[in-house]
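Step one of this worksheet: look at the structure below.
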Amino acid sequence: MLEIEIDGTKLTVPNGTTVIEAARSIGTHIPHFCYHKKLSIAANCRMCLVQVEKAPKPLPACATPVNDGMKVYTHSDMAVKAQQGVMEFLLINHPLDCPICDQGGECQLQDIAVGYGGSSSRYEEEKRVVPNKDLGPLISTDMTRCIHCTRCVRFTEEVAGMQEIGMAGRGEHSEIMSFIGMTVDSEISGNVIDLCPVGALTSKPFRYTARTWELSRRKSVSPHDGLGANLVVQVKADRVMRVLPLENEAINECWIADRDRFAYEALNSEQRLTKPMVKQGGVWLETDWQTALEYVGNGLKSISRDYGADTVAVMATPHSTVEELFLLNKLSQALGAGSASVGGRYADERLAAAQQGAAWLGQPIADVAQSKAVLVVGSTLRKEQPLLAQRLRQGAKRGLKLAILNPADDELFSAIAAKLISRPDQMVEALAGVVKAAAELKQAAVPADVAAAEPCAAARGIAKVLVDATAAEGDRASVLLGNLAAHNPRAAELAVLANQLAAITGATVGWLSEAANTVGAQVLGLTSGNLLSKPRKAVLLFNNEVEFDSHDGQAALAAVKQAEMVVAFSAFKHGAVDYADVLLPITPFSETAGSFINMEGKLQTFNGVVKPLGDSRPGWKVLRVLGNLLASEGFDFDNAEAVRKAALPQGESGVAAKLSNTVNGVAVTLQAAATGLVRMGEVPIYQADALVRRAPSLQKTRDAAAPLAGLSPATAAQLGVAEGDTVKVQQGEAQGSYTATIMAGLADGVVRLAAAHPTTAQLGAMFGSIQLTRA
Amino acid sequence: MTVYVKGVVFDGVDFDDPNSWSIDAYIQRGGYAALKKIIAEGITQDAIIAELKTSSLRGRGGAGFPTGLKWSFMPRSFPGQKYLVCNTDEGEPGTFKDLDIIVNNPHALIEGMIIGGYAMGITVGYNYIHGEVFEAYERFEAALEEARRAGFLGDNILGSEFCFQLHAHHGYGAYICGEETALLESLEGKKGQPRFKPPFPASYGLYGKPTTINNTETFASVPYIVREGGQKFLELGKPNNGGTKLFSISGHVNRPGNYEIPLGTPFADLLEMAGGMRGGKKIKAVIPGGSSAPVLPGHIMMETTMDYDAIAKAGSMLGSGAVIVMDETVCMVKALRRLSYFYYEESCGQCTPCREGTGWLYRVVDRIERGLGRPEDLDLLESVGKNIAGRTICALGDAAVMPVQGMLKHFRDEFLHHIEHKKCLVPGF
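As given, the protein sequences belong to chains Z and U, one line each in that order. Just so you know, we're using UniProt numbering here: the first sequence kicks off at 1 and counts up by one. Just so you know, we're using UniProt numbering here: the second sequence kicks off at 1 and counts up by one.
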């Protein structure tokens, strides 16, 4: 510990603390622009110059480490003169356009200029004008306002992993820009908007729509991935205008992913469903809630009576709240239809039965990057879990060994210690090889069902990484299963093997939960089974767009089309217009109270931030009325909190008791090397849920581009396909035509063709067999 | 034109002989004897550094930091790779001495670097050569190849355990890359921008490893010191200003060129060696140490000796030894305008005071030169200068301010005349 005196206040700080951190710890604010606690020190803005005893010149507080006995003066004559001098320099070329600047009111330059700037300028020369840059559909630029703090540059390099923004040119001609002709494509790019201390980088979708002081700030929770990023939703006149991160070091730190930030555009979309609608004689008619719900109630009653209750299927997506899923499940059971399902994208029926609890991360989010080694099995990590990928990246910089077992060697912008690239239908055999290699390294018993595995060099490499990482007492490692594992037709076997590997190496097994409430759905007892595998007479779809939210979009669509009655609870007019009989407008997360349980088992509750749009109603209210209408007991709830209490009587502690990644009763059956082509049908980042699908700016990003048919160089050569060729793809009866692309790092024999996209929804199973020919 | 008067860097070089740079010629005039002596006699690292300290050799790049002290900062027992870097990125306006060294006596530099590697336990070195001098770069590469073939560079030098690899690197002409940490960034393949110090290169240098950086002339002085002894070197100059020094004389003299003379030589003698003032004109001002050094009036210079301490006492810096001589026909406003333009163009743009301030200084001086100056502009220039100096990441900010301060200190009247009369005090301008 070091002793330091700041403006006469004595304090002790740990070795390595900088003056700015020490000052902050006692509430002394030192003005700064380039310093940011999550970024490397640049010391380029010079705003934080302070006087240090015995130093002949003022020193930058951000870059000056505390020495024992140091005396610092942050407001002395020398310090203030230096700060005022810097402020003047920052302002001479900064335009005086605050009245038309989106940053106005939340601008660090504006704020600090009030404290340290002059009331008029001594600069009477020509001012600098800098051309704006096209950074893509999310970030708007006014580069003349830039003060060259390089926070954005450092963010892209250090946090997002690839330097997509840089400072080109020299001296006064320095300009912040992307690579020539390129945009900023990171999945967490929007954070540069928050980081920019001036109005140089602002939100393109938000631009000119409101002044910051007109907005009220309301807390919420991201409804997208399983991380549960904390949000500040900013509202004006009952309309969500903007979303910002709410700092929570344990979950999202101070960042949010672009989908957390920009998906709000969908909330105000033209496609919002605002009135209950019933189809009569092939024509959609708007109606009132009473009529619509009575129609649904009567329909369900008569179908149950005529065909039996087990012909009803109730299906939601795990983006729905705890309250909604609890009531939906209760309704399904009250109807006699068994548990509702959130497992549309799951293909392995064995998994739900074998799981001994709600599958979760197995540890707190913040602990993941503290592991010595992490093996990620089956995940497009950056796209599935943008912020967790970022955490792992920071961990890797500190020495965490990251290993992957995946069908594709996607760029993670992290050092990869070991990797095994395997086709989706051989991932079980690949992981079995890792298990066997680990057992051999540890001289432990090889589990019987992997005895026949033949570990390849890559499998041995991964095993060594995990075994080495856990060699020392107290060192931890993790085996994390992503969506490509969860959606795999052999997911249960992968889960068994992950557990075996963990048992051998002492690692922790975890699932990278797909959606905001994937864990919650399991805690509440919903199933992940595929309810459409047998013909149904009635289907209730809650937030579920079967063509996008199913493992086999084609089969699911056929199944709902043959049903007698399909009821779609949705915030949007979606594909159900073609196959549903009733559309019930429920609200998105912003217009209802609710809660999500994130991947670490944390129950996060939020309130609606705006009123329901039109006649739409919170899902839990609609289900309450429908429950009562069907004359079932126990649907009388006054508010969402009452629903939550019924759903989770013990609150978060009750949740913890239900978390488990143990799987029982599934045998691993190793198969011979696969032949033929297999599909890798991941869910694209901006097709994952109903909101992102309808957020126009996200849909303009490169990540939202129409899927291409990816082939490894060897497979492409075998099929005689070249980059850019048009290819015909067939899965069963379904077919489509796509542009081929050659992907180095993709497993041979794989056709990588994303699912859940309008151009691929008519195809078959996400990881099914597939044919491909040159058109 | 290079004139060897009495010194160490060009000791024995025959400037009329086109092969005088070669290794054979160098060995013939006593080259590599120092290295051989070290290996043969097993002279210790400490002894070499002690000899340097005795010699009072000071960094020839401009800052004048004692070389022996710098070498002693290098962590001797550091377990990983350490680096030795030579700064031949000679970009200071008025300076052209290092170019002459790598063209005319490259092996003195190579031998000096090998000795540096030996003294600090470093096995890899780089020479970062200025961007626009391709022929000189090629000459240095040729010399490196000669040294490798002769067994002075590479593994097990002269049959000893000592290994040292030396590589040449070509810069691309940015002035800022002469700043040692910007040079390191550039050498690493990054944009040449200075790093914030501390940490200093001795603890966090090239690729984050301990690194010692010296100027070309500094290294080239080392073989002499080892061969002849630090005391002899010191005695060539004067106390605290040991040895001889190269001065690049440019401007209004009859024979501009490099002159290697003992430190402490009167400026008047140096001017005479350079053939005196061109056209017999009167001396008006001298920038004694490269464009970053404050200008001094001619009459002050005529009473000053050429060494670190005397020039500092006169109010300027010896710097890199670039002596820019100006006669009575020079308009000081115009001269400052050119100097300020240089710093404005060469600021790397990283930190605020320099990026914004150098442009401001230039624009105000330019305005005065164009007859649009205001009386308050001179105070403004001084005030802006104060806000830059001492507040930047590297010394370029200070370097941009010093010419302004020097000019206003000694030639304020000329600036006022420009402002008042919208024209130059000097006839003909």
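For each residue, glycine too, the CB sits at the ideal point set by N, CA and C. Being a predicted model, the structure only gives us computed values, none of them experimental.
| Item | Value |
| --- | --- |
| So with Cβ pairs under 8 Å, would you call phenylalanine 89 of chain Z a contact of chain U? | yes |
| Which bits of chain U does leucine 195 of chain Z rub up against, with CB to CB less than 9 Å? | None at all; the shortest Cβ gap to chain U is about 17 Å. |
| Can you check whether the CB of glycine 529 of chain Z is closer than 8 Å to the CB of glycine 357 of chain Z? | no |
| Could you check the C-alpha separation between isoleucine 419 of chain U and phenylalanine 411 of chain U for me, to the nearest Å? | 13 Å |
| Which value, in whole angstroms, describes the spacing of the CA atoms of serine 222 of chain Z and phenylalanine 548 of chain Z? | 20 Å |
| Residues in the same chain with beta-carbon distance under 7 Å from cysteine 152 of chain Z, minus the five sequence neighbours each way, listed in chain order, please. | Ile165, Ile176, Val192, Leu195, Cys196 and Leu201 |
| Consult DSSP for histidine 224 of chain Z and reduce its assignment to one of helix, strand or coil. | coil |
| Can you confirm whether tyrosine 172 of chain U, when its beta carbon is compared against all beta carbons of chain Z, has any partner nearer than 8 Å? | no |
| So what does DSSP say about cysteine 354 of chain U, is it helix, strand or coil? | helix |
| Quick check for students: name the residue ranges of the beta strand (DSSP E) that lie wholly in the stretch 77-129 of chain U, counting only runs of 3 or more. | 83-88 and 124-129 |
| Are the C-beta of alanine 82 of chain Z and some C-beta of chain U separated by less than 8 Å? | yes |
| Please report the straight-line C-alpha distance between proline 585 of chain Z and valine 567 of chain Z, rounded to a whole angstrom. | 11 Å |
| Quick one: does glycine 390 of chain U have its CB under 8 Å from some CB of chain Z? | yes |
| Would the beta-carbon of alanine 747 of chain Z fall within 8 Å of that of isoleucine 421 of chain Z? | yes |
| Hey, is proline 131 of chain Z's beta-carbon within less than 8 Å of any beta-carbon in chain U? | no |
| In chain U, what lies closer than 9 Å to residue 798 of chain Z by C-beta? | Here chain Z comprises residues numbered 1 to 775, so residue 798 of chain Z is not present and cannot be evaluated. |
| Starting from the Cα of phenylalanine 140 of chain U, find the closest Cα among U:Asn156, U:Met277 and U:Ile101 and give me that residue. | U:Ile101 |
| Does serine 25 of chain Z pass the burial test, meaning 16 or more other C-beta atoms within 10 Å, or should it be called exposed? | exposed |
| Are the beta-carbon atoms of leucine 441 of chain Z and lysine 464 of chain Z separated by less than 8 Å? | yes |
| Would you tell me roughly how many angstroms separate the C-alpha atoms of isoleucine 92 of chain Z and aspartate 398 of chain U, rounded to the nearest one? | 20 Å |
| Spell out whether any CB of chain Z is found under 8 Å from the CB atom of phenylalanine 196 of chain U. | yes |
| Kindly indicate which three-state DSSP category phenylalanine 596 of chain Z falls into: helix, strand or coil? | strand |
| Can you list, in chain order, the residues of its chain whose CB lies under 6 Å from that of alanine 334 of chain Z, leaving out five sequence neighbours each side? | Ser632 |
| Consider the Cβ of cysteine 45 of chain Z: report whether some Cβ of chain U lies at a distance smaller than 8 Å. | yes |
| How far does the alpha helix (DSSP H) with serine 25 of chain Z in it extend, from its first residue to its last? | 19-25 |
| Is the stretch 329-337 of chain U in contact with the stretch 253-272 of chain U, if contact means three or more CB pairs nearer than 8 Å? | no |
| Would you list, in chain order, the members of the stretch 334-353 of chain U that have their beta-carbon closer than 8 Å to a beta-carbon of chain Z? | Tyr344, Glu345, Glu346, Ser347, Cys348, Gly349, Gln350, Cys351, Thr352 and Pro353 |
| Please confirm whether proline 201 of chain U and threonine 181 of chain U have their CB atoms less than 8 Å apart. | yes |
| Taking 8 Å as the CB-CB cut-off, is glutamate 125 of chain Z touching chain U? | yes |
| Roughly how many angstroms separate the alpha carbons of leucine 603 of chain Z and lysine 209 of chain U, rounded to a whole number? | 47 Å |
| Nearest chain Z C-beta to arginine 355 of chain U closer than 8 Å, yes or no? | yes |
| State yes or no: is the C-beta of threonine 759 of chain Z within less than 8 Å of the C-beta of proline 707 of chain Z? | yes |
| Would you tell me roughly how many angstroms separate the C-alpha atoms of residue 778 of chain Z and arginine 679 of chain Z, rounded to the nearest one? | Nothing about residue 778 of chain Z can be reported from this structure: the residues present for chain Z run from 1 to 775 only. |
| Taking beta-carbon pairs under 7 Å, can you tell me which members of the stretch 52-68 of chain Z lie near chain U? | Lys57, Pro58 and Ala63 |
| Taking only beta-carbon positions, decide if threonine 181 of chain U is within less than 8 Å of chain Z. | no |
| Could you tell me which residues DSSP pairs with aspartate 327 of chain U in its beta bridges? | U:Ile283 |
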